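My numbering applies: residue 1 is where the sequence shown begins, and numbers increase by one.
Here a beta-carbon is modelled for each residue, glycine too, at the ideal position from N, C-alpha and C.
Given the structure is predicted, the values throughout are model-derived calculations rather than measurements.
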Amino acid sequence: MTDSERPWYLDDGEAPEGERLQKVLAQRGWGSRRACELLISEGRVAVNGEIAVLGRRVNPDSDRVEIDGVAIGVRPDLVHYLLNKPRGVVSTVHDPHGRQTVVSLLPPEPAVHPVGRLDADTEGLLILTNDGELTFAVTHPSRGVEKEYLVHVSGRVSSGNIRRLREGVELEDGRTAPAVVSQPQPGVLRITIHEGRNRQVRRMCAAIGHEVVRLVRLRIGPIRDSSLSPGQWRHLTSDEVIALSSASGVDRYAPKA
Ligand code: URA
1 MTDSERPWYL DDGEAPEGER LQKVLAQRGW GSRRACELLI SEGRVAVNGE
51 IAVLGRRVNP DSDRVEIDGV AIGVRPDLVH YLLNKPRGVV STVHDPHGRQ
101 TVVSLLPPEP AVHPVGRLDA DTEGLLILTN DGELTFAVTH PSRGVEKEYL
151 VHVSGRVSSG NIRRLREGVE LEDGRTAPAV VSQPQPGVLR ITIHEGRNRQ
201 VRRMCAAIGH EVVRLVRLRI GPIRDSSLSP GQWRHLTSDE VIALSSASGV
251 DRYAPKA
């Protein structure tokens, strides 16, 4: 008798906690419930680091589920996209001026919102999701999630000015925190910041007398991808969602002690 065939009258009367593992796996696209029961009985599924047995229930909000050692997300209701935002597209859900928005580049359902903003003229990686907790964590300055940019500026930047960018420059909303800055080529900077103030990179460069000619975001915390062409998107993998959650202090997927 498989777990799903077990009649209700054999249950012990206690209200069970969580959802049956095979149901959660089936919802995540791992096959029928019977096929997922087979995965479990073959010992290929682990929950919080322990091989699961048939009958295991999981809490979709907090348990870490792995198949063949690869973590899967257990929140089938959440979607996380990684988009390479093209220049000229706005990072809002709706634009009153009728410009193209980032959400128009993605499937219409489920509704998602951008995680933070890139200026219309900025290109590069942008995450869009319906995961409110992760959005808050990735964008909140106190969580310190790094964002790395490739910045083409007018003219070569002197070593003195690179030092100023590294140490922090005075902006109208206060001094910037120390940043990681290098100049791999004259006039091209790599800048990593973790504050995410409005137009921060452009204003930092303006403060040292250089105009930004092109700005591309290369990395959001642990997430990078140089293979997406402008306008192209993909789903974040479960491992990436877990890595981003952990980098931003969301412990939803952390293994239980
Ligand atoms: N800094 C900026 O100035 N603009 C962006 O879009 C992102 C970071």
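Query, Result
"State the Cα-Cα distance for the pair Gly160 and His210, rounded to the nearest angstrom.", "13 Å"
"Along the alpha helix (DSSP H) that carries Val90, what are the first and last residues, could you check?", "Element bounds for Val90: n/a, residue is neither H nor E."
"Do you know how far the Cα of Glu123 is from the Cα of Asp225?", "13 Å"
"Examine the Cβ distances between the stretch 196-205 and the stretch 173-184 and report whether three or more of them are shorter than 8 Å.", "yes"
"In terms of residues, what are the limits of the beta strand (DSSP E) holding Leu128?", "Glu123 to Thr129"
"Say the cut is 7 Å; is the CB of Thr122 nearer than that to a heavy atom of the ligand URA?", "yes"
"Locate the alpha helix (DSSP H) running through Asn161, then write down its first and last residues.", "Ser159 to Glu167"
"Using DSSP bridges, identify the partner residues of Gln185.", "Val188"
"Sort out for me which residues DSSP pairs Thr101 with in a bridge.", "Val90"
"What did DSSP end up calling Pro114 once you bin it into helix, strand or coil?", "strand"
"To the nearest angstrom, how far is it from the Cα of Ile127 to the Cα of Val169?", "28 Å"
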